[in-house]
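Residue numbers (the working numbering), protein chains in the order written: chain A, 52 to 263; chain B, 52 to 263. Yeah, the Cβ is synthetic: ideal placement off N, Cα and C, and Gly gets one too.
Protein chains: 2
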Amino acid sequence: MREKKRIPLISVERLIIYRRCLLKLKQAAIAKISSNSLGKLTNITAVNIRKDLSYIGETGKPGFGYQVKELIVHIEKFMGMDHIHKVVLIGMGNIGASLLNYQNWQIRGFEIVGAFDKDKRKVNRVINGVKIQNCRRLQNFLKKHSISIAILAIPAGETQKKVNELAEFGVKGFYIISPIIVNVPKDCFVEYLDMISPLEFLMFRIKKNILK
Amino acid sequence: MREKKRIPLISVERLIIYRRCLLKLKQAAIAKISSNSLGKLTNITAVNIRKDLSYIGETGKPGFGYQVKELIVHIEKFMGMDHIHKVVLIGMGNIGASLLNYQNWQIRGFEIVGAFDKDKRKVNRVINGVKIQNCRRLQNFLKKHSISIAILAIPAGETQKKVNELAEFGVKGFYIISPIIVNVPKDCFVEYLDMISPLEFLMFRIKKNILK
DNA sequence: TCATAATTGTGAAGATTATAACAAACTTTC
DNA sequence: GAAAGTTTGTTATAATCTTCACAATTATGA
Ligand SMILES: NC(=O)c1ccc[n+]([C@@H]2O[C@H](COP(=O)([O-])OP(=O)(O)OC[C@H]3O[C@@H](n4cnc5c(N)ncnc54)[C@H](O)[C@@H]3O)[C@@H](O)[C@H]2O)c1
Ligand SMILES: NC(=O)c1ccc[n+]([C@@H]2O[C@H](COP(=O)([O-])OP(=O)(O)OC[C@H]3O[C@@H](n4cnc5c(N)ncnc54)[C@H](O)[C@@H]3O)[C@@H](O)[C@H]2O)c1
Numbered sequence: 052m053r054e055k056k057r058i059p060l061i062s063v064e065r066l067i068i069y070r071r072c073l074l075k076l077k078q079a080a081i082a083k084i085s086s087n088s089l090g091k092l093t094n095i096t097a098v099n100i101r102k103d104l105s106y107i108g109e110t111g112k113p114g115f116g117y118q119v120k121e122l123i124v125h126i127e128k129f130m131g132m133d134h135i136h137k138v139v140l141i142g143m144g145n146i147g148a149s150l151l152n153y154q155n156w157q158i159r160g161f162e163i164v165g166a167f168d169k170d171k172r173k174v175n176r177v178i179n180g181v182k183i184q185n186c187r188r189l190q191n192f193l194k195k196h197s198i199s200i201a202i203l204a205i206p207a208g209e210t211q212k213k214v215n216e217l218a219e220f221g222v223k224g225f226y227i228i229s230p231i232i233v234n235v236p237k238d239c240f241v242e243y244l245d246m247i248s249p250l251e252f253l254m255f256r257i258k259k260n261i262l263k
Numbered sequence: 052m053r054e055k056k057r058i059p060l061i062s063v064e065r066l067i068i069y070r071r072c073l074l075k076l077k078q079a080a081i082a083k084i085s086s087n088s089l090g091k092l093t094n095i096t097a098v099n100i101r102k103d104l105s106y107i108g109e110t111g112k113p114g115f116g117y118q119v120k121e122l123i124v125h126i127e128k129f130m131g132m133d134h135i136h137k138v139v140l141i142g143m144g145n146i147g148a149s150l151l152n153y154q155n156w157q158i159r160g161f162e163i164v165g166a167f168d169k170d171k172r173k174v175n176r177v178i179n180g181v182k183i184q185n186c187r188r189l190q191n192f193l194k195k196h197s198i199s200i201a202i203l204a205i206p207a208g209e210t211q212k213k214v215n216e217l218a219e220f221g222v223k224g225f226y227i228i229s230p231i232i233v234n235v236p237k238d239c240f241v242e243y244l245d246m247i248s249p250l251e252f253l254m255f256r257i258k259k260n261i262l263k
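Laid out in structure tokens, this is it:
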């Protein structure tokens, strides 16, 4: 038999959407769903969904569909969401504070265990039960709690510097909330969030009348 | 001659990145750049960049590269960023307030001209020079300023309802800042921002050691 | 129980996107 | 001003991703 191809990353991105949607179904006490119905809820074609799910192993029953709870577990297992991952948050301005106030971290698989800022006026303030710390404590904190993921919500101009520093402290994953692209050491991983570009993209689609 | 193919939307997403990067270069008084250097700055291959740019017409000079300022103008023209687009912001919680406090709207091509919340305690408060209004005023406001784009930063459960309402008021573009997928009328456009999924995706890549 | 309907999983085909290869155009250097 | 070096734009090729088509499996209902 030919070797099974690795799942495309774009399928993984959709798995995240499926899971998000399935969690809502579970909450609504809906026990089963077909690829067709899930497609209606996510605006993804049914066959695309089935193909995506086929990468993570058989999960459905012909003539029936998918057990919602089972499928959630299956996706989580595949994605390595076997436990709550601890992360630190750097930069407690508008976005940093918002993220710290976010109420659904657990369900998404994360916990913010440390919040840091370089501004002394913000240090020691408590947001949503987490005390903001001085950045000087970062190195020790990361070591003590063996954290390897950081969310950076600081000005774009500060970001590369901070990434370098954190990489030295052993951070392997960076989630950058700034409109900037950074360089990371070869064994590190980085993802970006530019909150404005989807709006620019939307504008373009409206102007050119591209409904997708 | 064969008809020129329409630009792929994925190329448009990259155009947005190029522009963002070029604006920084311009600010740093850098006048020219090659596809190669731009590739280093954006982590996109040079040939991919040239291909993307070829969709919007010839813009570079062989043996030289691109004029930064020219290229910015060219991209903006192509994308229809010929003026500042006015948008309204619905939901003045953590994210809504952050967005209203964002300092670079103009450079990204937008202006938030109205902010709305249903919570009476928030109404009439002023953030960054914009007074928060009661949602009841939405319809008139949209009409008066002929706004057709709304950013929704309200709880996921409220979003579909609000979209329906806004669509009736003539809004054509929706930027949804919630982990939810909505239905819009056929002639409407929607883009999403889920702030957490990139982090889930990052986690997956770390676990499976996928450096991209 | 058997026919009919629903639904999955997947190989093959089709569509889209990225990369390679290279001629043409421009710059720099001697 | 000719030769060498850059860099673009584009065609051809390769890789990736989506959709089609359909056999296989399960549920439903007469
Ligand atoms: N606010 C928005 O809606 C919005 C929208 C789009 C993009 N962004 C981007 O998100 C990022 C954060 O935005 P924001 O509005 O929260 O900014 P902000 O200015 O409100 O907060 C930045 C925080 O980072 C802290 N900081 C700065 N340098 C630091 C360092 N080296 N180490 C630790 N902390 C440091 C500051 O003290 C401040 O508290 C920025 O890059 C911004 O461009 C924000
Ligand atoms: N805060 C975060 O970091 C974060 C992270 C990920 C996702 N999100 C999502 O972003 C959205 C907004 O998050 P937030 O933290 O700003 O929420 P929030 O609760 O702080 O703010 C929501 C605001 O919307 C207002 N509102 C509610 N219903 C409304 C309606 N029908 N019309 C007008 N206003 C209404 C509320 O009064 C409130 O001011 C949510 O869907 C949330 O899940 C937030």
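Neighbourhood of residue i by C-beta, 8 Å cutoff - its chain only, sequence neighbours within 5 removed
i: B/Ser248; result: Pro230
i: B/Thr96; result: Gly90
i: A/Ile198; result: Lys137, Val138, Val139, Val164, Gly165, Phe192, Val222
i: B/Ile261; result: Phe255
i: B/Ile158; result: Leu74
i: B/Asp245; result: Ser229, Pro230
i: A/Thr110; result: Leu104, Tyr117, Glu121, Leu122, His125
i: A/Asn152; result: Ile178, Asn179
i: B/Ile267; result: Since the first residue of chain B shown is 52 and the last is 263, residue 267 of chain B is not available in this structure.
i: B/Arg53; result: Confidence is the limiting factor: at B/Arg53 the pLDDT is only 42, short of 50, which leaves the residue's position unreliable, though a coordinate-based value still follows. For B/Arg53, where only same-chain residues beyond five positions count, there are no Cβ hits under 8 Å.
Near ligand 2: residue i beta-carbon under 7 Å from a heavy atom
i: B/Glu242; result: no
i: A/Leu150; result: yes
i: A/Glu33; result: There is simply no residue 33 of chain A to check, as chain A begins at 52 and stops at 263 in what is shown.
i: B/Pro249; result: no
i: A/Cys72; result: no
i: B/Ala204; result: yes
i: B/Gly144; result: yes
i: B/Ile141; result: yes
i: A/Lys75; result: no
i: A/Cys186; result: no
i: B/Lys213; result: yes
i: A/Lys102; result: no
Distance cut-off 7 Å: residue i Cβ against heavy atoms of ligand 1
i: A/Lys258; result: no
i: A/Phe167; result: yes
i: A/Ser229; result: yes
i: A/Met246; result: yes
i: B/Tyr153; result: yes
i: A/Gly147; result: yes
i: B/Asp238; result: no
Best match in the options for proximity to residue i [C-alpha to C-alpha]
i: B/Ile146; options: B/Glu251, B/Ala204, B/Ile261; result: B/Ala204
i: B/Leu222; options: B/Tyr69, B/Asp238, B/Arg57; result: Sequence inspection shows Val at residue 222 of chain B; the Leu mentioned does not correspond to that position. The option with the nearest alpha carbon to B/Val222 is B/Asp238.
i: A/Gly131; options: A/Gly160, A/Gln154, A/Tyr153; result: A/Gly160
i: A/Val63; options: B/Phe252, B/Lys56, B/Gln154, B/Pro206; result: B/Phe252
i: A/Ile228; options: A/Phe220, A/Ala218, A/Glu216, A/Gln211; result: A/Gln211
i: B/Gly208; options: B/Ile232, B/Ile183, B/Cys186; result: B/Ile232
i: B/Ala201; options: B/Asn155, B/His125, B/Phe240, B/Met246; result: B/Phe240
i: B/Lys102; options: B/Arg57, B/Ala80, B/His134; result: B/Arg57
i: B/Lys194; options: B/Gly144, B/Asn99, B/Ala218, B/Val235; result: B/Ala218
i: A/Ile183; options: A/His196, A/Lys112, A/Asn215, A/Gly144; result: A/Gly144
i: B/Gln190; options: B/Arg176, B/Val214, B/Val181, B/Pro206; result: B/Val214
i: B/Arg176; options: B/Ala148, B/Arg187, B/Gln154; result: B/Ala148
i: A/Tyr243; options: A/Leu250, A/Val235, A/Tyr226, A/Ile257; result: A/Tyr226
i: A/Cys186; options: A/Leu150, A/Trp156, A/Gly224, A/Gly142; result: A/Gly142
i: A/Lys171; options: A/Trp156, A/Arg188, A/Leu150, A/Glu162; result: A/Arg188
Same chain, Cβ closer than 6 Å to residue i, five either side skipped, listed in chain order
i: A/Ile107; result: Phe129
i: A/Asn87; result: Ala97
i: B/Ile68; result: Thr93
i: B/Gly116; result: Lys83, Ile84, Ser85
i: B/Ile126; result: Leu66, Arg70
Closer than 7 Å: residue i CB and nearest ligand 3 heavy atom
i: B/Ala207; result: Ligand 3 is not part of this structure, which contains only ligand 1 and ligand 2.
Residues of its chain near residue i, where Cβ-Cβ distance is below 7 Å and the 5 sequence neighbours each way are ignored
i: B/Lys77; result: Val119, Lys120, Ile123
i: B/Lys259; result: none
For the region 118–143 of chain B, list every residue whose C-beta sits within 7 Å of some C-beta in chain A, in sequence order. Within the region 118–143 of chain B, the residues whose Cβ lies closer than 7 Å to some Cβ of chain A are Met130, Gly131, His136, listed in chain order.
Output, in sequence order along the chain, the residues in the region 57–68 of chain B whose CB is closer than 8 Å to any CB in chain A. Hits within the stretch, in order: Leu60, Val63, Glu64, Ile67, Ile68.
To be precise: take each residue of the region 82–112 of chain B, compare its Cβ to all Cβ atoms of chain A, and keep it if any distance is under 8 Å. Which residues remain? For chain A, the residues of the region 82–112 of chain B that bring a beta carbon within less than 8 Å of one of its beta carbons are Leu92, Thr93, Asn94, in chain order.
Going along the region 159–171 of chain A in order, which residues come within less than 8 Å of chain B, judged by CB to CB distance? Residues of the region 159–171 of chain A with a C-beta less than 8 Å from any C-beta of chain B: Arg159, Gly160, Phe161, listed in chain order.
If you measure beta-carbon to beta-carbon, which residues of the region 230–256 of chain A are closer than 9 Å to chain B? Of all residues in the region 230–256 of chain A, Pro230, Ile231, Ile232, Asn234, Lys237, Asp238, Cys239, Phe240, Val241, Glu242, Tyr243, Leu244, Asp245, Met246, Ile247, Ser248, Pro249, Leu250, Glu251, Phe252, Leu253, Met254, Phe255, Arg256 have a Cβ within less than 9 Å of some Cβ in chain B.
At a Cβ cut of 8 Å, what residues of the region 184–204 of chain B count as close to chain A, listed as they run along the chain? Under the 8 Å Cβ criterion, the region 184–204 of chain B contributes Ser199, Ile200, Ile202.
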